[in-house]
Structure formats: structure tokens, C-alpha cells
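Here's the structure, in C-alpha cells; my notes come after.
Numbering (my numbering), first residue to last: 650 to 912.
Here it is, written out as C-alpha cells:
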């Protein structure tokens, strides 16, 4: 009888764990995030040789984007790769049907050791659409930008946070192409909000109501540090961040993510 019960227990355990199967492993030198929009699921990676690779849902390489790198620059991503909802997009900055990427690059002076950053907008063909910081020695990227819909003027806009002369905050606002489809996507993306930010003990995140049931928090190395479930009836999700060390973190609900600062 004991042998029968043991056999049944083994079979039951096998059934429970047999449902999780490894489908694919990406190369060690690729940082990968999931692009789950436009009725498509893509896997997008940043490689160590300054390329962006796009894989389809079957993990087949669909396209390799050769980033038009400025001379002596390297590609840079602050924190969790793909954290900004508009790092990769379509129809937000251009009216064509090509994917767009907001790419950070950096240059380090070999004499002074100073590092400056640029923000570039490119498309999937590797064409440079916009260099937001042509003279980074005087005005450089702070690694932060936001796409939003101006409800008063019914236009889509981009605000870019800059550092001037290495110490002064300065913001530039750009007008973007406006369409009903684009506006709806921007408004949906920007529903993600949290307060207070910076946070000391508790971060309150507004529930998007997008069907997700958990919030995940990542550190700047891409490590999952908090994984909390919540009810669809919760208007806000309170996350205890008191034990986290000071720094920048990324919180994610479903396909949407944003940054917060732990003080």
C-alpha cells in the first residue's frame, strides 16, 4: 500500500512540474526584453557589439539593427534593459510602419575620465532620425525622457531631460505626429504612475486595470528584488521598499514599466 501511495505521489509531482518546459535560451552576451504590443510578441536584445536583434515569437532572428554609433561611443542602457515603455515603439515618432528605438550612447574621455551621454532616435533599418545631443560636452542626456499626450492642445509630445555643463537640469519639449491610434497608446502607457517618488518606506502604484495581477521590481542590474501579487479590485498597490538600498529601480505591471528612486 505504501509503495502504491509513493508511486502516486511521484506521478502527481511529475504532473505538477512537468508543465514548465524550457523553450529557449538566448546567448550569454544578449540582454533581452519582451515587446508585447501591436498584436505581436517579439524578443529584443542588445548585444555587446552595439547591435539590436529582433526575434519573433518562435525565437527566430527576424532582424538585426546596426546602431549608427557616433565615433568612439558605446551603447548604454540605464538600469533594466527596455524599462522605458517607449524604448521600442511604432508610429510614435514616425508615421511609417518601421520600429523605432530610443538609444543611449556614451563617450569616455581617456584623459579626464569624464563620461558624456547622447540620446538617439533610430529606426529598424539603422537610420538616424534624430540626435538629441549633437554637442554632449555642453548639453548631454540625463537618461530620462517621456512621451505623453497634451490633452489641452490634442497633440503628442516628447520631453527630454538634459544635463547642461554637467550639473544643471534642463528640459526640451518636442512636438510629435498625432493620430487617434498613437494618442490612445500613449495615454494607456502613461497611466502607469507611482507615489511618492522618491520613496522611503512604501511605494504606492496605481492599478492599471490591464488584467495583470502582480508587480515586479528590478534593480539596475536587472535582478528581480520584489514580486508582489495584488487583486484586480485594488485601486492602488502598496509595495514595501524600506529594505531596498538607495538607488534607481524599475517597477513593472504586465507589459508596462517605469522607474522610481529609493531614498
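We treat Cβ as the ideally placed atom computed from N, Cα and C, and that holds for glycine.
The model shown is predicted, which means the values in this text are computed figures rather than measured ones.
- Annotation: residue 885 to residue 758 spans about 45 angstroms, alpha carbon to alpha carbon.
- The beta-carbon separation of residue 902 and residue 864, rounded to 5 angstroms, stays under the 8 angstroms limit for a contact.
- Residue burial is scored here from C-beta neighbours: residue 716 has at least 16 other C-beta atoms within 10 angstroms and is therefore classed as buried.
- Counting every other CB atom within 10 Å of its CB across the protein chains shown gives residue 891 a total below 16, marking it as exposed.
- For residue 744 and residue 719, the gap between their C-alpha atoms comes out near 25 angstroms.
- For the 9 angstroms CB-CB criterion, residue 846 and residue 909 form a contact.
- Looking at 769, 798, 697, 670, the one whose alpha-carbon comes closest to that of residue 785 is 769.
- Annotation note: the segment 665-722 contains the following uninterrupted beta strand (DSSP E) runs of length 3 or greater, listed N- to C-terminal: 679-684, 691-696, 700-704, 710-715.
- When DSSP states are grouped into helix, strand and coil, residue 738 belongs to the strand group.
- Counting along the chain, residue 767 sits inside the beta strand (DSSP E) bounded by residues 764-772.
- Distance between residue 766 and residue 669, taken at the CA atoms: about 42 angstroms.
- Between the alpha carbons of residue 791 and residue 904 lies a gap of roughly 24 angstroms.
- Rounded to the nearest angstrom, the Cβ distance from residue 742 to residue 778 is 7 angstroms, consistent with a contact under 8 angstroms.
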